[in-house]
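Read in order, the letters of the sequence shown correspond to residues 96 to 214 in this note's numbering. A virtual CB, placed ideally from N, CA and C, is assigned to each residue, including glycine.
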Amino acid sequence: MTEVIVMESAAYQKMIGQIAKIAEFITKNEHKLQDCDFDDDVWLDSQEVADMLHISTRTLQRLRSDGLVEYSVFCRKCLYKLSEIEKKVREKVITCEPHLIDVYKKNRLLDVTKDEDNE
């Protein structure tokens with residue numbers, strides 16, 4: 096079934112203008128996305144980091160607020176690079192047993208290989 100959408104010319108022109116602005120923004124910032132190397136690292140959410148480090152999400156929030164942990168916000172979710180968390184543990188910014196990160200990596204690798212075997 097074909098649907099026909101009717102709208103005022105002014106609303107249509109406004110929508111076209113907004114689409115053009117979005118396209119321009121993407122074109123201008125495309126190089127920034129290409130410069131980011133997201134494939135080289137694993138991104139973790141707050142719960143995963145807290146579980147891995149055996150800390151509460153509130154403690155993790157305090158580390159963020161104090162500027163001790165680098166993070167990015169995507170879709171209102173804080174994400175952390177595993178390599179940055181490892182670095183902060185090595186620098187003793189975060190008090191944690193370093194072997195906990197190795198255990199997490201090993202478990203994550205097992206989960207990934209298990210998923211691949213099931214496919």
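Which residues DSSP lists as bridging residue i, in chain order
i, result
"residue 140", "174"
"residue 167", "174"
Where the alpha helix (DSSP H) through residue i begins and ends
i, result
"residue 160", "152-160"
Cutoff 8 Å: residue i Cβ touching any chain C Cβ
i, result
"residue 190", "Among the chains of the structure shown, chain C does not appear; only one protein chain is present."
Q) Three or more C-beta pairs closer than 8 Å, one from the segment 135-144 and one from the segment 164-180: is that the case here? A) yes
(Q) Below 8 Å, how does it come out for the segment 107-124 and the segment 145-161: are there three or more Cβ pairs, yes or no? (A) no
Q) Pairing CB atoms from the segment 151-160 with CB atoms from the segment 190-205, are three or more of them under 8 Å? A) no
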